[in-house]
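Sequences listed follow chains Z and D, in order.
Take the first sequence: its position 36, counted from the start at 1, is 35 in numbering that gives the first Met the number 0, and no numbers get skipped.
Take the second sequence: its position 381, counted from the start at 1, is 380 in numbering that gives the first Met the number 0, and no numbers get skipped.
Where a beta carbon is used, it is the ideal one built from N, C-alpha and C, also for glycine.
Please read all numbers here as calculations on a predicted model, not as lab measurements.
Notes for the one structure printed next.
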Amino acid sequence: MMLQDKKVIIIGDRDGIPAPAIEECIKTTGAEVVFASTECFV
Amino acid sequence: MTLPVVKGASYILVHTPDMIVHYGTTCALEHETNPNSELLKKVPEHIRPFEEVVKYAPNQAYIGNILPDELSNIPKPWYKNLMQDATAEGKMGEIVDQDEFYLTIKLSDAFELVMFEKSYLADIKTKAAAKPMYTEKELSKIKEGFEISEIEEKVAAGAEPLYSNHKLVGCVKAAHDKDKNLTSHIIVENLVVKASGVIALKNLIYRNNIPAESIEYVIECSEEACGDMNQRGGGNFAKAICENAGALSATGSDTRGFCAAPTHALINAAALVKAGVYKSVAIVAGGATAKLGMNARDHVAKGLPILEDCLGGFAVLVTENDGVSPVLRTDVVGRHTVGTGSAPQAVMEALITKPLDAVGLKIGDIDKYSVEMQNPEITEPAGAGDVPLANYKMIAALGAKRGDIQKTDMMNFIKEHGMPGFAPTQGHIPSGVPFVGAAREMIMDDKIQRAMIVGKGSLFLGRMTNQFDGVSIVMEKNTGKQESAEAVSKEEIKGMVAEAMKEFASFLLGGK
C-alpha cells in the first residue's frame, strides 16, 4: 500500500539484490518502475 | 579421469602513487571537471609511502606471505596495524615500486612510445639490474633517455606525463595522430596492463622454477582492450606478455568477461590441458590504472589513506597431472547461463550447488569458497559494504534453505568456509582467483581438501546486455592415483557388447 501509484527508481547491487529481482517485488505493490539498473560497486 | 593441476601461482602488486592522481578515473575526472577541487588538493596528503604499502596486512596476504585467514587475527583498521617485519618479497610474488614499474613499462614499449629523462632512466635501470628477474640482455635493449625539455615539449603536444614523486620524469606518446584507439591515454593503460602482466608471469616462472619455454599457451584475462581504429580490442596481450616474460615457446589469446574473466580463463586452461591440446597453459592478468584511487573521495573524506594505491597482477600455471599438485575438477564447473536469471538464489544455485549436486557433494564439502575477495577496508568506507561477506551470507543462506547446514550454524559456516577479503579493488583481480595460490598451499599442507573458485562479472557495464555473469570450478587434493591410459572406457565397452550381440544375432539367423 505504501508504494501504490508511486514512481520507483531501482538501483540493484550485483553482489546483493540485482535490479530485476527488486523489480519483480515492486511490481506486486502497485508502484510504477520508471528506471531499474543493476550496478557494480567494486 | 586424469585431471589437470594447478602447478603454481603468482601474485604481484605495483605501488603507483603518482598514477593515482593522473590516471585513476576518480582523480582524472576531477581534473577535467573541477581542477581546483578540495579533493585534488588533499589527495597527496593521503598517499601512502611504499614502506606502508608493504607492511599492509591485506597486501601481505595477496603476495602469499600470510594466509587470508590470518587477517582475522590482525586488529582493524589494518592500515593502522601494520606488519612491521613484512617484506616486499612474497612467497608467491612481490610488491614492486613505481620506479621499477616504469622500467618494466619501458621494457614493454615495442614501438618507442615511452620517453624517460636521461638520468632518471639510468637510475632505474641500475636499480633493476640488481634483481635476478631482469636479464642483462633485456636491460641492454634500453637506450639512452631524453632531455627533460624534449619530454615537456611532447607533454605540451598531448603526450601523457609520467611523474615520480610529483616530478615529471617521462611521457607516453600517442601511437597515431588521428586513431582514437591509439591515443596516448589508451597506450598508457595498455602498457600498464602489459607491463604488470609481464611482472606477474615472470614471478610465476621465477618463483616456481618453471622453465619459461615449457609454457605452451597463455590466456590473458584482464579488462583492457588493445587494437586500432579498425579493430578495437583485437588483442593480443597474451602473446605480447609472453614475449617480454621469456615464454618464447608459447602463443596465446585474450579472454574477456569483466571480473569473471580470470575464472573463465582458469576453466579454459584446465580444459585445454585435459583435452591434451597443450601440456602447460598459463593464465595471466595485469592491473588497471583506471581503478587506482577509485574510492579516493570517500577515503579522503573519512581521513583514511587512499588504499587503492596499487595495481594488481597474477598468473596461474595449469599443467598435466603431476600426481602432487591440487587438481582442477573439470567435472565440477558451475555457470550462470542466460536462462538462469538474476534472482540471488538462482545465481547461487547455478554457481555453487548445481555443480556440486552433479557429483554428489554438499555445500559443506567445500572447505573454502573464494568469491569476490575485495578488501573490505577499501569498500566499506565507500558504502559498498563487505563484499566477500555478502557473498558468503548468500552461500550460507542457500545451504540453510537446502538443509545442508543448520540455520543457527550459518555464521560458523561463514567463518570456517569463508575468509576475510584481502585483494585490491582492481576489477578482475579480486574475483575468485586471488585464493588459487593460497588454496594450493592449504591443500598441499592438508589444511583443506577442496576449494571452490567463483568468478563473477558485471557484463551490464559494457551496455550490451543487462546480464551479469559467473562461473566456478573446484580445486581438490591430488590423490596421486593416475588412471591407466589403457583402461577401457564405457563407450568402448558399449561397442564391444554391441559387436558381440551382432555376432550372436548373425549366429542365430544363420543357424550356425
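Range covered by the beta strand (DSSP E) that runs through residue i
{"i": "residue 56 (chain D)", "result": "First-last for residue 56 (chain D): 56-61, but that is the alpha helix (DSSP H), not the beta strand (DSSP E)."}
{"i": "residue 356 (chain D)", "result": "Here residue 356 (chain D) belongs to no beta strand (DSSP E); instead the alpha helix (DSSP H) covers 353-357."}
{"i": "residue 94 (chain D)", "result": "92-95"}
{"i": "residue 228 (chain D)", "result": "Neither: residue 228 (chain D) is in no beta strand (DSSP E) and is coded neither H nor E."}
{"i": "residue 421 (chain D)", "result": "No beta strand (DSSP E) holds residue 421 (chain D); DSSP gives it neither H nor E."}
{"i": "residue 329 (chain D)", "result": "326-334"}
{"i": "residue 219 (chain D)", "result": "216-219"}
{"i": "residue 455 (chain D)", "result": "449-456"}
Selection from the options that minimises the alpha carbon distance to residue i
{"i": "residue 122 (chain D)", "options": "D:108, D:315, D:102", "result": "D:102"}
{"i": "residue 142 (chain D)", "options": "D:196, D:148, D:105, D:498", "result": "D:105"}
{"i": "residue 12 (chain D)", "options": "D:378, D:191, D:231, D:219", "result": "D:191"}
{"i": "residue 389 (chain D)", "options": "D:406, D:366, D:237, D:413", "result": "D:413"}
{"i": "residue 248 (chain D)", "options": "D:150, D:77, D:357, D:238", "result": "D:238"}
{"i": "residue 360 (chain D)", "options": "D:232, D:152, D:422, D:332", "result": "D:332"}
{"i": "residue 476 (chain D)", "options": "D:462, D:435, D:354, D:30", "result": "D:435"}
{"i": "residue 15 (chain D)", "options": "D:467, D:364, D:108, D:423", "result": "D:423"}
{"i": "residue 292 (chain D)", "options": "D:381, D:245, D:438, D:282", "result": "D:381"}
{"i": "residue 513 (chain D)", "options": "D:258, D:211, D:342, D:235", "result": "Because residue 513 (chain D) is not part of the residues shown, which for chain D are 0 to 511, the question remains open."}
{"i": "residue 17 (chain Z)", "options": "D:491, D:465, D:505", "result": "D:465"}
{"i": "residue 362 (chain D)", "options": "D:409, D:330, D:164", "result": "D:409"}
Per-residue contacts from residue i into chain D (C-beta, under 7 Å)
{"i": "residue 39 (chain Z)", "result": "457, 460"}
{"i": "residue 14 (chain Z)", "result": "371, 386, 389, 390"}
{"i": "residue 30 (chain Z)", "result": "Within 7 Å Cβ-Cβ: nothing; residue 30 (chain Z) doesn't reach chain D, min ~19 Å."}
Which of helix, strand or coil DSSP assigns to residue i
{"i": "residue 505 (chain D)", "result": "helix"}
{"i": "residue 31 (chain Z)", "result": "strand"}
{"i": "residue 108 (chain D)", "result": "coil"}
{"i": "residue 485 (chain D)", "result": "Summary for residue 485 (chain D): the model assigns pLDDT 49, below 50, so the residue's position carries little reliability; its value from the coordinates is reported in the next sentence. Residue 485 (chain D): coil per DSSP, three-state reduction."}
{"i": "residue 344 (chain D)", "result": "helix"}
{"i": "residue 305 (chain D)", "result": "coil"}
{"i": "residue 194 (chain D)", "result": "helix"}
{"i": "residue 36 (chain Z)", "result": "strand"}
{"i": "residue 431 (chain D)", "result": "coil"}
{"i": "residue 498 (chain D)", "result": "helix"}
{"i": "residue 46 (chain D)", "result": "coil"}
{"i": "residue 296 (chain D)", "result": "helix"}
{"i": "residue 6 (chain Z)", "result": "strand"}
{"i": "residue 146 (chain D)", "result": "coil"}
{"i": "residue 181 (chain D)", "result": "helix"}
{"i": "residue 255 (chain D)", "result": "coil"}
{"i": "residue 132 (chain D)", "result": "coil"}
{"i": "residue 277 (chain D)", "result": "coil"}
{"i": "residue 461 (chain D)", "result": "helix"}
{"i": "residue 378 (chain D)", "result": "helix"}
{"i": "residue 172 (chain D)", "result": "coil"}
{"i": "residue 439 (chain D)", "result": "helix"}
Residue span of the alpha helix (DSSP H) that contains residue i, given as start and end
{"i": "residue 386 (chain D)", "result": "386-401"}
{"i": "residue 78 (chain D)", "result": "Segment: none, residue 78 (chain D) is in no alpha helix (DSSP H) and carries neither H nor E."}
{"i": "residue 273 (chain D)", "result": "260-273"}
{"i": "residue 472 (chain D)", "result": "Taken as a continuous stretch (DSSP letters only), residue 472 (chain D) belongs to no alpha helix (DSSP H), being part of the beta strand (DSSP E) at 468-475."}
{"i": "residue 19 (chain Z)", "result": "18-26"}
{"i": "residue 517 (chain D)", "result": "In the structure displayed, chain D extends from 0 to 511; residue 517 (chain D) sits before or after that span and is not available."}
{"i": "residue 413 (chain D)", "result": "409-416"}
{"i": "residue 39 (chain D)", "result": "37-41"}
{"i": "residue 244 (chain D)", "result": "236-244"}
{"i": "residue 18 (chain D)", "result": "16-22"}
Per-residue contacts from residue i into chain Z (C-beta, under 9 Å)
{"i": "residue 467 (chain D)", "result": "13, 17, 37, 39"}
{"i": "residue 27 (chain D)", "result": "Within chain Z, no residue comes near residue 27 (chain D); the closest Cβ sits about 19 Å away, beyond 9 Å."}
{"i": "residue 343 (chain D)", "result": "15, 16, 17, 20"}
{"i": "residue 424 (chain D)", "result": "41"}
CB contact check: residue i to chain C, cutoff 8 Å
{"i": "residue 378 (chain D)", "result": "The question asks about chain C, but that chain is absent: this structure's protein chains are Z and D."}
Contact set between residue i and chain Z, taken where Cβ atoms lie within less than 7 Å
{"i": "residue 383 (chain D)", "result": "40, 41"}
Partners in chain Z for residue i, counting only beta-carbon separations shorter than 8 Å
{"i": "residue 464 (chain D)", "result": "Those within 8 Å of residue 464 (chain D) in chain Z number zero; the least Cβ separation is about 11 Å."}
message = For the structure I just gave you, are there three or more beta carbon pairs, one from the segment 417-432 of chain D and one from the segment 450-470 of chain D, closer than 8 Å?
response = yes
Meets three-Cβ-pair contact criterion under 8 Å: the segment 50-68 of chain D and the segment 81-92 of chain D = yes
task = Would you check if there are 3 or more beta carbon pairs closer than 8 Å linking the segment 182-199 of chain D to the segment 279-286 of chain D?
result = yes
message = When you compare the segment 436-449 of chain D with the segment 265-279 of chain D, are there three or more beta-carbon pairs, one atom per stretch, that lie closer than 8 Å?
response = no
inquiry  = So, does the segment 143-160 of chain D touch the segment 109-117 of chain D, judging by three or more C-beta pairs under 8 Å?
reply    = yes
task = Report yes or no: do three or more beta-carbon pairs, one from the segment 340-360 of chain D and one from the segment 295-304 of chain D, lie closer than 8 Å?
result = no
inquiry  = Check whether the segment 338-347 of chain D and the segment 314-328 of chain D are in contact - that is, three or more C-beta pairs closer than 8 Å.
reply    = no
key: Sufficient close CB pairs (3 or more, under 8 Å) joining the segment 258-274 of chain D to the segment 125-135 of chain D   = no
query = Counting Cβ pairs closer than 8 Å, one from the segment 226-238 of chain D and one from the segment 390-399 of chain D, do we hit at least three?
reply = no
query = Would you say the segment 32-44 of chain D touches the segment 67-78 of chain D, given that touching needs at least three Cβ pairs under 8 Å?
reply = no
Meets three-Cβ-pair contact criterion under 8 Å: the segment 307-320 of chain D and the segment 200-214 of chain D = yes
inquiry  = For the structure I just gave you, are there three or more beta carbon pairs, one from the segment 252-265 of chain D and one from the segment 210-229 of chain D, closer than 8 Å?
reply    = yes
key: Inter-stretch contact at 8 Å, needing at least 3 Cβ pairs: the segment 27-38 of chain Z / the segment 3-16 of chain Z   = yes
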